[in-house]
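**Q** Sharing a structure below in structure tokens format, with a few things to ask.
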């Protein structure tokens with residue numbers, strides 16, 4: 001979906017993958033996105049999330065401890 005419909009050219013080309021995000025790292029992403037992402041379990045898919053940047057569907061692929 002992201003490759004075809006995303007308006008974010010930075011992530012659309014790789015299927016919408018944004019990479020790892022770190023819990024409580026201030027300012028990394030908007031709170032609505034972070035809160036939903038960190039509430040999900042591995043392989044779980046979110047309901048649509050609205051932010052000032054548009055609508056997002058989040059899937060957590062992996063969780064790793066911060067070294």
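Residue numbers (the UniProt record's numbering): 1 to 67.
Where a beta carbon is used, it is the ideal one built from N, C-alpha and C, also for glycine.
Given the structure is predicted, the values throughout are model-derived calculations rather than measurements.
For the beta strand (DSSP E) that contains residue 50, what are its first and last residues?
**A** The residue given as residue 50 occupies position 50 in the chain shown. Here the beta strand (DSSP E) through residue 50 covers 49–51.
**Q** Measuring straight from C-alpha to C-alpha, what distance separates residue 34 and residue 40?
**A** Position 34 of the chain shown holds residue 34. Position 40 of the chain shown holds residue 40. So the two alpha carbons sit approximately 10 Å from each other.
**Q** What's the gap between the Cα of residue 36 and the Cα of residue 46?
**A** In the chain shown, residue 36 corresponds to position 36, counting from 1. In the chain shown, residue 46 corresponds to position 46, counting from 1. In a straight line, the C-alpha of residue 36 is about 7 Å away from that of residue 46.
**Q** Taking Cβ positions, are residue 42 and residue 63 nearer each other than 7 Å?
**A** Within the chain shown, residue 42 is the residue found at index 42, counting from 1. Within the chain shown, residue 63 is the residue found at index 63, counting from 1. Yes.
**Q** For residue 60 versus residue 22, is the C-beta spacing smaller than 7 Å?
**A** Locating residue 60 in the chain shown gives position 60, where the first residue counts as 1. Locating residue 22 in the chain shown gives position 22, where the first residue counts as 1. No; because the gap between Cβ atoms is not below 7 Å, this pair is not in contact.
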